[in-house]
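Add 33 to the 1-based position in the sequence shown for my numbering, that's all there is to it. Read through the structure below, which is laid out as structure tokens, and then see the notes.
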Amino acid sequence: MGKNKTVMKGSHMSRCTKRRTFSLGQAELVSHAILVGFSMFLIFVIITTFTNVKEDYQIFVGGSEIKEMCFVMRGAIEKVYNPTDYNFTTNTMLGSMQTRLPDRITDIRYRATFFNKSIIIESPGIEFNDTCKIGFTADYNGSTSGGLTRFSYTKFTNGTDVIEMVKL
């Protein structure tokens, strides 16, 4: 009988040991699942924070860059626009200059177009659209999306003055 008791104790102890091992495995799985979930949450928070910071940066810096670009475009138009009262017998380009505008403003594409006596700068996505006032008495044609751009002033035989902006 002594042997049977020992065998039973051994059998009983091994069953308890098996239960403990099994429950320790579950605890490891649960702790790993919690760790992975927490890591994913932290990554989500970091990405969201950086995205918001990038958008704030683009809005702040984009506004400054647009003002600077307006200054450059207005300066180019002022340099080529030289109206005269003389009537030409042919359509004549009286002034032309090329300037390199940025392809992107804060890593966002844009488009600049003439509208009435101003230039409208539009961007998709983050809205930092702006209008540059020009005010010269001329007709305006053209648009650009950055890069090498030609500003020109042409006087037509009918007396019409045209300021043109063309991406080259």
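Think of the CB as a built atom: it goes at the ideal place given N, C-alpha and C, for glycine as much as any other residue.
* Taking E197 as the reference, which of N191, G158, S151, E155 has the closest Cα? -> S151
* The beta strand (DSSP E) spanning I196 covers which residue range? -> 194-200
* **Three-state secondary structure (DSSP) of S64** => helix
* To do: Measure the alpha-carbon distance for M73 versus I92 and round it to whole angstroms.
  => 29 angstroms
* Just the C-alpha distance for G158 and I141, rounded to the nearest angstrom, thanks. => 8 angstroms
* **Neighbour-count burial assignment, T187, 16 or more Cβ in a 10 Å radius** => buried
* To do: State the Cα-Cα distance for the pair D118 and E88, rounded to the nearest angstrom.
  => 50 angstroms
* To do: Report the option in E155, E111, V113 whose CA atom is closest to the CA atom of T177.
  => E155
* Any idea what DSSP makes of I154, helix, strand or coil? -> strand
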